[in-house]
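>
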Amino acid sequence: MKKFLNYLKLRDKLLLMYMLSVFIPIVLTNVVFYNVTTSNIRNQKIRDADMALNNLKNDLRVTIDQGVGLSYSLYADSIFNKTITRKFTSEKDYVETFNSYLRGVLADQNAQGVHWYQVYTDNPTVLASGYIDRLTDEIRHTGWYAQSKASSSRYPTLIFSEQKFSLIQKLNNYHTSGIEQLVKIDLNMERIHQIFFGSAFNGRVYLVDPQGKVRFGNDTAKLAQDVPYKEIRFPKNALTFKNVYSGINYLDGWTLEGVMDEESVLKEVRKSRSFVIWLACINFVLPSIIIAAMSRSIHVRLVRILKHMKKVKAQNFQTIPHEEARDEIGQLTNEFNRMTETINSLINEVYVADIQKKDLELRQQQAQLHALHSQINPHFLFNSLESVRMRSIIKGEKETAKIIQHMAKMFRKSISWSHNYVTVREELELIESFLEIQQYRFGDKLEYSIVADPAALGHRIPKMVLLPFVENASIHGIESSPDKGRITISVAVQPDGLVFRFEDNGIGMSPEKLEALKRYLEENDEIGERVGMKNAYYRLKLCYRECFAFSLDARYGEGTSIEISLPLLEEDPE
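Take full-length UniProt numbering: the final residue in the sequence shown is number 574, and no numbers are missing along the way.
#1: Should E436 be labelled buried (16 or more other beta-carbon atoms within 10 Å of its own) or exposed?
#2: Mark K170 as exposed unless 16 or more other C-beta atoms lie within 10 angstroms of its C-beta, in which case mark it buried.
#3: Strictly by DSSP, which residues pair up with T560?
#4: How far does the alpha helix (DSSP H) with T49 in it reach, from first residue to last?
#5: Taking E432 as the reference, which of R441, T423, S449 has the closest Cα?
#6: Between which two residues does the beta strand (DSSP E) carrying T255 extend?
#7: Report, in whole angstroms, the separation of the C-beta atoms of V204 and V259, which I expect to be a contact under 8 Å.
#8: Using C-beta distances below 6 Å, list every residue in its chain close to F550, excluding the 5 sequence neighbours before and after it, in chain order.
#9: With DSSP as the reference, please indicate the residues paired to L167 in a beta bridge.
#10: Report the residue from K307, D252, M509, F548 whose alpha carbon sits nearest the alpha carbon of E558.
#11: What does a CB cutoff of less than 6 Å around N249 pick up in its chain, not counting 5 residues either side in sequence?
#12: If you compare alpha carbons, which of V114, R555, M17 is closest to L167?
#13: So is L286 buried or exposed if we call it buried at 16+ other beta carbons inside 10 Å?
#14: I'd like to confirm the pairing. Which residues does DSSP put opposite F197 in its beta bridges?
#15: Using three-state DSSP, classify R134 as helix, strand or coil.
#16: Does the Cβ-Cβ distance between L256 and N243 come in under 8 Å?
#17: So, is D354 buried or exposed, given that buried needs 16 or more other C-beta atoms within 10 angstroms?
#18: Which first and last residues belong to the alpha helix (DSSP H) in which A516 is found?
#19: Taking the C-alpha atoms as reference points, what is the distance between N173 and Y120?
#20: So, using beta-carbon positions, are I305 and F275 closer together than 8 Å?
#21: Following the continuous beta strand (DSSP E) through A239, name the residue where it begins and the one where it ends.
#22: If I'm right that D122 touches I179 with Cβ under 8 Å, what's the distance once you round it to whole angstroms?
#23: Under 8 Å, with one C-beta from each stretch per pair, do the segment 28-35 and the segment 67-77 reach the 3-pair mark?
#24: Taking DSSP as the reference, what is the three-state secondary structure of L127?
#25: Measure the C-alpha to C-alpha separation of H322 and L15 and round it to an integer number of angstroms.
#26: Look at the alpha carbon of E426 and the alpha carbon of P511, and state the distance between them as a whole number of angstroms.
#27: Along the chain, where does the alpha helix (DSSP H) containing Q147 start, and where does it finish?
#28: If you check the beta carbons only, do W254 and V183 fall under 8 Å apart?
#29: Is the Cβ-Cβ distance between V493 and D444 less than 8 Å?
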């Protein structure tokens with residue numbers, strides 16, 4: 001973990017610290033708070049829904065109980081039951097009984113939950129009048145009658161027929177002498193509709209009969225299909241509620257089924273979710289901007305210090321521009337500038353002292369070298385060579401005398417270092433002497449040509465800086481070639497300097513060896529030969545630095561060409 005943190009940039013560390021210490025805890029807190037709030041509201045809504053469904057159940061029962069009360073009052077009225085089962089002697093007798101008793105009894109049976117009620121009897125002496133009707137075969141074929149016959153209980157039977165609820169009560173509490181009689185009480189459907197559609201239950205409510213069929217509810221689409229409740233498909237996230245009528249004989253088996261969409265339950269909570277998201281975004285974006293701005297103030301200045309430290313590594317002691325800053329980075333910047341200036345001052349002092357020391361050592365070595373030269377007494381050597389040359393002339397060996405003359409000239413030039421710069425003419429004369437000696441050595445195998453622009457002959461160049469390239473061409477190029485060798489030297493003057501070109505038709509070299517030679521000239525690697533070329537190239541770099549051009553090209557079996565471009569010296573370099 002520590003290694004991982006050490007590899008992170010400071011800006012990333014600040015962002016990571018903010019994410020782990022601020023943003024993620026805030027988001028988790030908001031999420032936990034949102035989930036707890038959602039759960040609490042969901043549970044509260046479920047409790048409210050249970051209460052609303054229970055209130056609906058009670059209101060519906062109150063309405064049904066009003067009809068049940070009517071049925072029980074008629075069922076328990078012995079006089080009324082005996083009256084409608086009596087054999088009336090005539091229609092007049094029945095009419096008098098109806099007007100004197102039955103009308104008043106039936107008219108008093110009035111309740112808010114009852115829309116209409118009718119007493120049916122198959123007593124042939126009873127006339128159809130008011131709330132009393134004959135129980136005919138046509139009525140016996142109706143749906144409500146068939147449902148009432150399916151129940152043998154002594155309490156009212158709740159049935160749903162012809163889009164309305166009815167209570168069927170058999171009036172058999174007393175001896176009826178074989179006469180069938182019953183009362184049909186139609187409940188107030190407007191009241192029931194008001195109870196269902198005015199309920200506080202926020203969802204669908206269904207009244208299901210003992211057979212499992214939906215008989216009423218506030219979902220008119222499902223009621224029109226007359227399907228069992230279990231076949232109704234609800235959303236997966238729907239909340240279901242069930243309230244059973246228990247302990248009530250006339251409602252035994254009837255249930256209230258409630259279905260509520262969870263989204264509607266959590267609608268208000270869902271609104272707060274967007275608020276939580278926006279709050280989390282604000283908690284993330286605003287602090288991130290602040291941290292980014294603060295981290296940039298730190299990061300940019302640290303990167304600037306790092307860049308200047310890398311410059312110090314490359315011996316570029318450049319100070320950081322001053323800025324008003326009192327924090328630790330500002331102090332670090334000031335200390336870095338002070339350290340850089342101190343190091344630069346110390347290096348300059350030590351370097352200058354070292355240069356002076358090296359110059360002193362060089363002068364001592366030159367003094368020793370001059371002392372050695374004086375001991376050799378080169379005039380003795382020149383005189384000896386001149387004696388040999390004269391002796392060769394006397395004996396008629398003119399070619400040998402000529403070669404000795406060239407050797408003496410080269411020797412005189414090589415040990416004469418009073419001037420480090422010579423004219424192009426003098427350098428070409430030295431090269432010509434060397435080629436004459438090589439031609440004496442190789443005979444007809446070597447031929448050469450020197451073509452020089454007369455305007456170039458008076459310009460000065462470093463002494464003996466071109467000879468090593470000619471020497472390399474003759475020794476390494478021509479000597480190893482089985483064919484006749486040719487060395488061509490050309491000197492031209494261009495507006496921007498002198499151009500020297502050396503060409504030979506020797507053995508050349510392979511591309512690999514050519515690249516190795518180029519690397520050898522540019523770097524400090526050792527190849528083991530062509531030391532003269534390396535020294536000449538190094539002297540060119542010392543004298544002209546980056547102001548000269550050098551190109552080398554060679555093909556194996558075809559020869560080598562070298563081109564050197566030197567700038568024109570405006571004044572005497574000595």
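We put the beta carbon where it would ideally sit given N, CA and C, even for glycine.
According to the data block:
#1: buried
#2: buried
#3: Looking at the DSSP output, T560 sits in a beta bridge with D504, A554.
#4: In the sequence on display, residue 49 carries Ala and not Thr. Here the alpha helix (DSSP H) through A49 covers 24-76.
#5: With distances taken between Cα atoms, E432 lies closest to S449.
#6: Counting along the chain, the unbroken beta strand (DSSP E) around T255 starts and ends at 255-261.
#7: The sequence given here places Arg at residue 204; Val does not occur at that position. Contact flag correct, Cβ pair sits at about 5 Å.
#8: The residues are I564.
#9: L158, I185
#10: Selected option, being the one with the closest Cα: M509.
#11: Y155
#12: V114
#13: exposed
#14: Note: F197 sits in no beta bridge, so no partner.
#15: strand
#16: yes
#17: A residue is called buried when at least 16 other Cβ atoms come within 10 angstroms of its Cβ; D354 does not meet this threshold and is exposed.
#18: 511-522
#19: 15 Å
#20: no
#21: This sequence places Leu at residue 239; Ala is not what is there. 238-244 is the span of the beta strand (DSSP E), which, as asked, contains L239.
#22: 6 Å
#23: no
#24: coil
#25: 29 Å
#26: 35 Å
#27: 143-149
#28: Using a Cβ distance threshold of 8 Å, W254 and V183 do not count as a contacting pair.
#29: no
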